[in-house]
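First to last, the sequence lines map onto chains W and F.
Just so we're aligned, residue 2 is where the first sequence starts under this note's numbering, counting upward by one.
Just so we're aligned, residue 276 is where the second sequence starts under this note's numbering, counting upward by one.
Ideal Cβ placement from N, Cα and C applies to all residues, glycine included.
A quick note: this is a predicted structure, and the numbers were derived from the prediction, not measured.
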Amino acid sequence: MTAQPLVLGIETSCDETGVGIVRGHTLLANAVASSVAEHARYGGVVPEVASRAHLEAMVPTVHRALADAEVALADIDAIAVTAGPGLAGALLVGVAAAKAYALAAGKPLYGVNHLAAHVAVDTLEHGALPEPAIALLVSGGHSSLLRVDSLADGIVPLGSTLDDAAGEAYDKVARVLGMGFPGGPAIDRAASEGSVTIAFPRGLTAARDLREHRFDFSFSGLKTAVARWVEARERAGEPVPLAEVSASFQEAVCDVLTAKAVDACRTSGITTLVIGGGVAANSRLRALAAERCARHGIDLRVPRPGLCTDNGAMVAALGSQLVAEGAAPGRLDLPTNSAMRVDVITV
Amino acid sequence: MLVLVLDSATPAVTAALGRVEPAAGDRPPTIDGNPWSATILARRATVDARAHGERLAPQIDAVLGEAGAKPGDLGAIVAGIGPGPFTGLRVGLVTATALGDALGIPTYPVCTLDAFAVGRPGRVLVATDARRREIYWACYADGVRLAGPEVSKPVEVAGRAAGLGARQAVGDGALRYADQLDLPVLAEPRFPQPAAMLSLAVRRVGTGAPGEPLIPLYLRRPDTTEPVARKRAAPQ
Ligand SMILES: Nc1ncnc2c1ncn2[C@@H]1O[C@H](COP(=O)(O)OP(=O)(O)OP(=O)(O)O)[C@@H](O)[C@H]1O
Ligand SMILES: [Mg+2]
Chain W
2 MTAQPLVLGI
12 ETSCDETGVG
22 IVRGHTLLAN
32 AVASSVAEHA
42 RYGGVVPEVA
52 SRAHLEAMVP
62 TVHRALADAE
72 VALADIDAIA
82 VTAGPGLAGA
92 LLVGVAAAKA
102 YALAAGKPLY
112 GVNHLAAHVA
122 VDTLEHGALP
132 EPAIALLVSG
142 GHSSLLRVDS
152 LADGIVPLGS
162 TLDDAAGEAY
172 DKVARVLGMG
182 FPGGPAIDRA
192 ASEGSVTIAF
202 PRGLTAARDL
212 REHRFDFSFS
222 GLKTAVARWV
232 EARERAGEPV
242 PLAEVSASFQ
252 EAVCDVLTAK
262 AVDACRTSGI
272 TTLVIGGGVA
282 ANSRLRALAA
292 ERCARHGIDL
302 RVPRPGLCTD
312 NGAMVAALGS
322 QLVAEGAAPG
332 RLDLPTNSAM
342 RVDVITV
Chain F
276 MLVLVLDSAT
286 PAVTAALGRV
296 EPAAGDRPPT
306 IDGNPWSATI
316 LARRATVDAR
326 AHGERLAPQI
336 DAVLGEAGAK
346 PGDLGAIVAG
356 IGPGPFTGLR
366 VGLVTATALG
376 DALGIPTYPV
386 CTLDAFAVGR
396 PGRVLVATDA
406 RRREIYWACY
416 ADGVRLAGPE
426 VSKPVEVAGR
436 AAGLGARQAV
446 GDGALRYADQ
456 LDLPVLAEPR
466 FPQPAAMLSL
476 AVRRVGTGAP
486 GEPLIPLYLR
496 RPDTTEPVAR
506 KRAAPQ
């Protein structure tokens, strides 16, 4: 067991080829090559385009990370790689590369959960996570509330979205508004220039829904409501106020996310809330969470925006935690799992 | 010199350990007039198109172990760059590229189809399965490629192969569509053989030629009509 393990993390679950290097909770390198520009004209990630880009970027991105961290592969204590969930063909590129590096350099290999890594990345910013903690995971494919008893082996799902993920809602609404892909950053920007003037629905917040779905989310109704509102405007021949629609949509999303996250903390008596995933980069989510957590004496931890979207450092951060806690490494035949459950941390 | 030979361009995922040395009395040259001899010391292959990602690394470990060698003993890597189904092909190429990078040794690409034509006299059609009722193919005269690699429907290949004077066909794609090719098809090999792959690179390995990037022969554009991806964890 090494207290400050030097870990290299590889991430290829979607459209970013990420390689990060950490020592303990210290970030040394975070190299990312993105194929997002190639996907933009399709309005979403095309799996084969992403996989081809991963193959080309893999080794150069490892080199960049090693150079940035000023370490050699031989110095590394362990290699961690995203084994799932994600796009099957994309995951395979990163996992095969990780196996090759582990085999060549004789290093232990950890196949880890991308979602747990989105949560673990905060340790690079704020140090060891007080456990238990409540985690709000909000990304392109997932929106979940989790109780984190241990980042290494104890993540318990409390609730999740019943339909669209929060990031997916941002992306779909951005498409309705003609703002391009990915939609999250575009809406975030537009919203900063408008005020909240439209009352869009807050899914699963009515009393009867709370009984059964207290910690679950639903964003598809919100997305439809925005689309209807925009259509009505267009039918009337009136301009669509992008900033106001963006701000109002964003407020609905962030209101529900933060209200349920704070509720999860308060009912469980847990005083740490950590937010992870691409949507955690959102300025309104961060501000509203800070406000509500402060009001209820909850210690809020959100990593800086650059660490919220997919990257290799988050995978290295989780790997570092696993090594420090003496978790058993994976074998060379470890599989990828495109639908890996959120509570399964390693394969 | 110890050489790792990899191919993942067909349903067979293959790893082999070879040795390349100067030819001598008891070690005849692999190719006439070539001063290098090549032998395969250990090999592993699994025929399962869905297992490439899981099987390749353990197979590499196994062939090294069988020969009592360590990764650091390797001097070069020879990899089949296809054509082949994309996902499996990439597993082999990223593995070979990363190993070459980590070990600081050169990588040498060979066209997977070429391996079937090594040492085969006359005019031969080589075909592997490209799924979607198509085959990856090339035509050879005494081991030298005349046409291909291309991806086409078997009936179209039949016409092209006839025009090129092919007398026989080989490869799992040829076996699968034998009824449409109008040629006698060899029962074996169905998949690329490491000895043949190594012989295709033996001169580069022996002379210490500069390594080359392993660029896959996809031959098809990405399918961008596929529904846009949304990944999702399984429900608890
Ligand atoms: N500033 C922002 N505001 C809102 N959403 C954002 C912002 N930045 C990024 N996003 C959203 O985050 C999502 C991408 O996050 P992430 O990279 O974590 O998702 P993913 O890896 O595709 O999915 P998952 O992590 O669920 O497998 C996109 O939907 C994007 O629109
Ligand atoms: Mg993600």
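Cβ shell of residue i (< 7 Å), same chain only, five flanking positions each side left out
i: Ala-166/W; result: Ser-140, Gly-141, Gly-142, His-143, Ser-144
i: Pro-491/F; result: Ile-356, Gly-357, Leu-364, Arg-365, Leu-368
i: Glu-292/W; result: none
i: Thr-337/W; result: Ala-84, Gly-85, Ala-89, Leu-92, Leu-93, Val-96
i: Asp-389/F; result: Arg-420, Leu-475
i: Glu-341/F; result: Ala-317
Where the beta strand (DSSP E) through residue i begins and ends
i: Pro-297/F; result: 287-297
i: Ser-196/W; result: Careful: Ser-196/W lies outside any beta strand (DSSP E) and carries neither H nor E.
i: Asp-282/F; result: 277-282
i: Asp-300/W; result: 300-302
i: Gly-354/W; result: As displayed, chain W neither begins before 2 nor continues past 348, which places residue 354/W out of reach and without an answer.
i: Val-419/F; result: 419-427
i: Val-480/F; result: Run containing Val-480/F: none in the beta strand (DSSP E); it sits in the alpha helix (DSSP H), 469-482.
i: Ile-490/F; result: It is not in any beta strand (DSSP E) - Ile-490/F carries neither H nor E in the DSSP assignment.
Proximal residues to residue i (C-beta, below 6 Å), its chain only, five neighbours per side dropped
i: Phe-466/F; result: Thr-285, Ala-287
i: Thr-124/W; result: His-26, Leu-130, Ala-318
i: Ala-405/F; result: Tyr-411, Val-426
i: Glu-194/W; result: Ala-244
i: Gly-328/F; result: Val-366
i: Ile-299/W; result: Cys-266, Thr-272, Leu-274
i: Ala-58/W; result: Thr-18, Ala-34
i: Asp-164/W; result: Ser-219, Ser-221
i: Leu-335/W; result: Gly-112, Val-348
i: Met-2/W; result: At Met-2/W, the pLDDT of 49 sits below 50, so the modelled position is not reliable and the matter cannot be decided from this model.
i: Gly-481/F; result: Val-295, Trp-311
i: Leu-281/F; result: Ala-290, Ala-354, Gly-367, Ala-371
i: Gly-277/W; result: His-119, Val-120, Leu-138
Continuous alpha helix (DSSP H) stretch holding residue i: start and end
i: Gln-251/W; result: 243-269
i: Ala-309/W; result: The sequence given here places Cys at residue 309/W; Ala does not occur at that position. First-last of the alpha helix (DSSP H) with Cys-309/W: 306-309.
i: Val-345/W; result: Per DSSP, Val-345/W belongs to no alpha helix (DSSP H) and is neither H nor E.
i: Gln-5/W; result: Unbroken run through Gln-5/W: none, as it is neither H nor E.
i: Cys-294/W; result: 284-296
i: Gln-322/W; result: 313-325
i: Asp-335/W; result: Sequence inspection shows Leu at residue 335/W; the Asp mentioned does not correspond to that position. Here Leu-335/W belongs to no alpha helix (DSSP H), and DSSP marks it neither H nor E.
i: Thr-314/F; result: Counting along the chain, Thr-314/F falls outside any alpha helix (DSSP H), though it belongs to the beta strand (DSSP E) covering 311-322.
i: Ala-449/F; result: 447-451
i: Ala-226/W; result: 221-236
i: Ala-208/W; result: 208-214
Beta-carbon proximity of residue i to residue j, cut-off 8 Å
i: Arg-319/F; j: Val-338/F; result: yes
i: Gly-21/W; j: Ala-314/W; result: yes
i: Leu-333/W; j: Ala-326/F; result: no
i: Val-366/F; j: Ala-97/W; result: yes
i: Ala-85/W; j: Ala-290/W; result: Note that residue 85/W corresponds to Gly in the displayed sequence, not to Ala. No, these two residues do not count as a Cβ contact at 8 Å.
i: Gly-107/W; j: Ser-14/W; result: no
i: Ala-117/W; j: Ile-156/W; result: yes
i: Val-33/W; j: Gly-19/W; result: yes
i: Val-254/W; j: Leu-301/W; result: no
i: Cys-309/W; j: Ala-282/W; result: yes
i: Gly-347/F; j: Leu-316/F; result: no
i: Gly-446/F; j: Thr-403/F; result: yes
i: Val-385/F; j: Met-276/F; result: no
i: Ala-321/F; j: Ala-313/F; result: One detail in the question is off: residue 321/F reads as Thr in this sequence, not Ala. Against a cut-off of 8 Å, the Cβ pair of Ala-313/F and Thr-321/F comes out as no contact.
i: Ala-377/F; j: Leu-74/W; result: yes
i: Glu-39/W; j: Val-316/W; result: no
Neighbourhood of residue i by C-beta, 8 Å cutoff - its chain only, sequence neighbours within 5 removed
i: Leu-211/W; result: Leu-205
i: Ile-188/W; result: Tyr-171, Val-174, Ala-175, Leu-178, Met-180, Ser-247, Phe-250, Gln-251
i: Leu-104/W; result: Leu-333
i: Glu-409/F; result: Val-426, Ser-427, Lys-428, Pro-429
i: Asp-256/W; result: Arg-203, Leu-289
Near ligand 4: residue i beta-carbon under 7 Å from a heavy atom
i: Ser-14/W; result: Here the bound small molecules are ligand 1 and ligand 2; ligand 4 is not part of this structure.
Residue i at chain A interface by Cβ criterion, 8 Å
i: Asp-323/F; result: Absence of chain A from the displayed structure is noted, the protein chains being W and F.
Length at least 4, wholly inside the region 339-398 of chain F: the alpha helix (DSSP H) runs in chain order: 361-378, 387-392
Minimum length 4: unbroken alpha helix (DSSP H) runs contained in the region 141-206 of chain W: Runs found: 167-177, 184-192.
Ligand 2 site residues, beta-carbon cut 5 Å against heavy atoms: Spelled out in chain order, the answer is Ser-140/W, Asp-311/W.
Beta strand (DSSP E) runs wholly inside the region 22-93 of chain W, at least 3 long, in chain order: 27-35, 79-85
3 or more residues per run - each beta strand (DSSP E) lying fully within the region 104-140 of chain W: Within the region 104-140 of chain W, the complete beta strand (DSSP E) runs of at least 3 residues are 110-114, 134-139.
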